[in-house]
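In our numbering, the protein residues as written are 3 to 428.
Each residue gets a CB set at the ideal place from its N, CA and C atoms; glycine is no exception.
None of these values were measured; they are calculated from a predicted model.
In what follows, a single structure is set out as structure tokens and then discussed.
Written as structure tokens, this is what we have:
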């Protein structure tokens, strides 16, 4: 919204003092917001997700063209919308599909040959992908390195890649006056649970892209080393990142599996190559292609009503929150499940993070402004249950010093929303 209105910063109220300061809307790389800004400016914030839908169409079309250039059936590009996270995220404003589209553009040009135009485009897109995600080097790095080692205009490639990457600090300087724009991960990197996450991502590449991981192991076509290295590096990297363990069921496959989106065109390439090389029957090949296309159609048709239902559940909570909370109040919440429900699209609110505001400071805060507690609890995994328990502990501790009046206690889907007015403190 800020970029669409030609603003780089937004006003933020300090909940402790009431002072207003100017901040970046987000510390995420700005590429996604910059692409969405024209959509929002033309038709309002609800159409921001059209950028993601356009990225899904781009991924599918360009993967098909890439397969055709390799002499493979373009129908295997249907593995892109068949990948459930891709079809789900095409209906959201998240940047995963946009970053995957930029990565794919880089890979296609890097795969094209040693000519200066292809090398220039591949390097520029590979470097510029950092404007969308911090992790894009995992996916373009092996192909960039492969081109350098294979002598495909290495000096030109290095130069244009650095030029593309320079967009990141240039934009950071323009937005905040310093070239360093780094989004600190909320979830840690750890070897604890890495084996479970490795199995999760392996299953994602094997099931959601049918046979994808097996095809990578059997792949012996062009750029085998780069393709295999890209899959392996990304798999190992995200196995030690603990986010995937925070959700369960479909949520895990979508929110965890989305990290592998840039790999899906490579998995499609591997599947198409292996099937064409190892399956002798034209009838079987044709049947597999039909099954993939029908599966993609089925997934996209089923995802729409499910995503709509999920969106309605989220919107219900947002409407209740804004109907019950007061603009002049300080709303104490938590950053994981609840804070995302506050957006200036629905109205300005002053939000305080309970992990940074000790409960013992609530009485002092109440002397300066009204205070409300707003918590959304989730229970679909142990991690979310632990956070819900911490929310309850905070409520209990505040209640030892202050009178609380329950305003809302409702459930929407897997989420429970509770809102309390803090009335008097002792």
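Contact test: residue 105 Cβ vs the ligand NAD heavy atom, cutoff 7 Å: Summarising the ligand content, the structure contains no ligands, and the ligand NAD is consequently not present.
Beta-carbon proximity check, residue 425 vs residue 405, cutoff 8 Å: Their beta carbons are under 8 Å apart, which means residue 425 touches residue 405 by this criterion.
Paired residues, beta bridge with residue 243 - DSSP: 191
Where residue 6 falls: helix, strand or coil (DSSP): For residue 6, the predicted structure reports a pLDDT of 48, less than 50, and the residue's modelled location is therefore unreliable. A value from the coordinates is still provided. Judged by DSSP in its simplified three-state form, residue 6 adopts coil rather than helix or strand.
Counted within 10 angstroms of its Cβ, other Cβ atoms place residue 330 as buried (16 or more) or exposed: exposed
Entirely enclosed beta strand (DSSP E) segments - the stretch 13-98, minimum 3 residues: 22-25
Span separating the alpha-carbon of residue 292 from that of residue 66: C-alpha separation (whole angstroms): 15 Å.
Where the beta strand (DSSP E) through residue 384 begins and ends: Unbroken run through residue 384 is the alpha helix (DSSP H), 384-401; no beta strand (DSSP E).
Limits of the unbroken alpha helix (DSSP H) element including residue 371: No alpha helix (DSSP H) contains residue 371, which DSSP labels as neither H nor E.
Integer Cβ distance of residue 270 from residue 82, believed to fall under 8 Å: 7 Å
Opposing strand residues paired with residue 426 [DSSP bridges]: 405
C-beta atoms of residue 354 and residue 334 nearer than 8 Å: yes
Distance, residue 385 Cα to residue 201 Cα: 19 Å
Distance between residue 282 and residue 190 (C-alpha atoms, nearest Å): Straight-line Cα distance between these residues: approximately 47 Å.
CB-CB length for residue 232 against residue 145, believed under 8 Å: 7 Å
Identity of the residue in 97, 87 and 414 nearest residue 137 by Cα: 97
Counted within 10 angstroms of its Cβ, other Cβ atoms place residue 361 as buried (16 or more) or exposed: buried
6 Å Cβ shell around residue 55 - same chain, five flanking residues per side excluded: 92
Cα-Cα separation, residue 6 to residue 151: In this predicted model, residue 6 has a pLDDT of only 48, less than 50, meaning its place in the structure is not dependable enough to derive any value.
Whether residue 377 touches residue 420 by CB criterion (8 Å): In this structure, residue 420 lies closer than 8 Å to residue 377 by Cβ.
Residues near residue 213 in its chain [Cβ-Cβ closer than 7 Å; skip 5 each side]: 273
Buried versus exposed call for residue 68 [16 or more other C-beta atoms within 10 Å across all chains shown]: So residue 68 ends up on the buried side.
Assigned secondary structure, residue 211 (DSSP; H/G/I helix, E/B strand, else coil): Three-state DSSP puts residue 211 in coil, outside helix and strand.
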